[in-house]
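Everything on this sheet refers to the single structure shown next.
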Amino acid sequence: MSSLKSVRFTLKSLFILVTLSALGLAAYIYSDAIPGTYHKNENGFPRGTGVAEYHYDNGALMIRECYFRGLIYRSTWFTPDGEEFATETYDKATGGVGYYLRQDGTIRSIYTYEYMPDVNMYGNAGNPVYYDTSGTPVLDASEPID
């Protein structure tokens, strides 16, 4: 009878050990899906899940970017007075659009992005459109106009 009791104890211990190991492995594999884990790696690429915010020189919010497992899924741009300028939702099938603003809130350039599965990020999908300080697109420009 005592040997049967020890086998039951051993099976129970084995079950607990396997369960804890599986939970630990799942936590390790999916750790970048946990909210609040957003960071940039040593090469400056986004990792984890969370929000990145960028500000104007005056401290006002310029851009809020939302990431899931290192991949951007939404960006919201704001004017220097705090008003929402645009929101873009990124999709692996259709890509997305990115606005680059000057410190006065005018558009500096607009980029179109496409999903690049080999590196799991969105990359430039063509030539950007640059704008002069009056807000007019300069179609033959090859670099930002400040």
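Numbering (the numbering used here), first residue to last: 9 to 154.
Every residue, glycine too, gets a C-beta built ideally from N, C-alpha and C.
In chain order, 55, 56, 57, 77 and 78 place their CB closer than 7 angstroms to the CB of residue 40, counting only its own chain and leaving out the 5 sequence neighbours on each side.
For the pair of segments examined, the region 69–88 was found to touch the region 120–139: the number of CB pairs separated by less than 8 angstroms reaches three. Around the beta carbon of residue 125, a 10 Å sphere encloses fewer than 16 other beta carbons of the protein chains shown; the residue is thus reported as exposed.
For the 9 angstroms CB-CB criterion, residue 118 and residue 98 do not form a contact. For residue 39, no beta strand (DSSP E) segment is defined, and its DSSP state is neither H nor E.
Beta bridge pairing from DSSP links residue 46 with no other residue.
The straight-line gap separating the alpha-carbon atoms of residue 43 and residue 148 is approximately 42 angstroms.
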